[in-house]
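*Asks:*
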Amino acid sequence: MPTIQVSVVTPDGKVYDGAVDMVVVRTVEGELGILPNHIPLVAPLTVGAVRLNKGTTVEKVAVTGGFVEVRPDQVTILAEAAELPSDIDVDRAKEAEKRARQRIDSARSDEIDFKRAELALRRAVNRLDVAGK
Ligand code: ATP
Numbered sequence: 001m002p003t004i005q006v007s008v009v010t011p012d013g014k015v016y017d018g019a020v021d022m023v024v025v026r027t028v029e030g031e032l033g034i035l036p037n038h039i040p041l042v043a044p045l046t047v048g049a050v051r052l053n054k055g056t057t058v059e060k061v062a063v064t065g066g067f068v069e070v071r072p073d074q075v076t077i078l079a080e081a082a083e084l085p086s087d088i089d090v091d092r093a094k095e096a097e098k099r100a101r102q103r104i105d106s107a108r109s110d111e112i113d114f115k116r117a118e119l120a121l122r123r124a125v126n127r128l129d130v131a132g133k
């Protein structure tokens with residue numbers, strides 16, 4: 001069965017590099033499942049989990065925005081931040097979630113603070129989801 005090479009890269013370096021059967025990313029327009037020989041494209045990503053399917057296993061990477069570049073044999077995910085489940089500090093994400101929820105409650109009248117807190121909340125919840133918490 002053909003595989004596709006996937007790398008997840010952040011400004012801090014490479015987070016993942018490997019051959020998979022299928023990769024699923026969350027673009028701003030929705031989920032995109034990519035199999036080998038997919039047509040080339042570039043799409044902006046939203047906060048979400050990248051799912052890497054290999055045989056019967058699925059690995060997840062928490063991704064915070066960026067871009068996906070698809071070529072027939074290679075998928076490159078350029079992310080602002082990305083973490084493997086084992087690299088996620090669950091206590092930190094829980095603290096970030098708590099902080100964001102408090103800010104959302106107190107920032108309803110200020111649109112900018114509200115949006116910032118909402119994005120922070122999405123990052124924290126995504127990390128907890130990928131970490132299985
Ligand atoms: P915090 O408020 O805890 O800093 P954040 O969502 O504002 O969270 P980001 O700006 O998305 O953090 O990321 C900054 C850096 O910290 C990135 O390198 C990211 O990988 C890392 N990071 C953020 N939260 C966690 C976490 N819970 N576990 C591990 N690394 C994290």
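Heads up: the sequence shown at position 96 corresponds to 96 in full-length UniProt numbering, and the numbers run straight through without jumps. Glycine is no exception: its CB is placed at the ideal position from the N, C-alpha and C atoms. If you're wondering where the values come from, they're calculated on a predicted model, not measured in any experiment.
Strictly by DSSP, which residues pair up with V23?
*Replies:* What you label residue 23 is simply residue 23 of the sequence shown in a count that begins at 1. For V23, which the question treats as bridged, DSSP gives the partners I34, L52.
*Asks:* Over the uninterrupted alpha helix (DSSP H) stretch that includes V75, give me the two end residues.
*Replies:* In the sequence shown, counting from the first residue as 1, residue 75 sits at position 75. From DSSP, V75 is part of no alpha helix (DSSP H) but of the beta strand (DSSP E) over 74 to 83.
*Asks:* Residues in its own chain within less than 7 angstroms of V125 by CB, not counting five upstream and five downstream?
*Replies:* Residue numbering aside, residue 125 sits at position 125 when the sequence shown is read from its first letter. Closer than 7 angstroms at Cβ, skipping near neighbours: E97.
*Asks:* I need the straight-line Cα distance from G13 to T56, nearest angstrom please.
*Replies:* In the sequence shown, counting from the first residue as 1, residue 13 sits at position 13. In the sequence shown, counting from the first residue as 1, residue 56 sits at position 56. Distance between the alpha carbons of G13 and T56 is about 28 angstroms.
*Asks:* What residues match up with A43 in a beta bridge as DSSP calls it?
*Replies:* Mapped onto the sequence shown, residue 43 falls at position 43. Looking at the DSSP assignment, A43 forms a beta bridge with V68.
*Asks:* Closer than 6 angstroms is what we want: which residues have a beta carbon that near any heavy atom of ligand 1? List them in chain order.
*Replies:* D12, T64, A81, E83, D87, I88, D89, R92, A93, A96, A120, R123, R127
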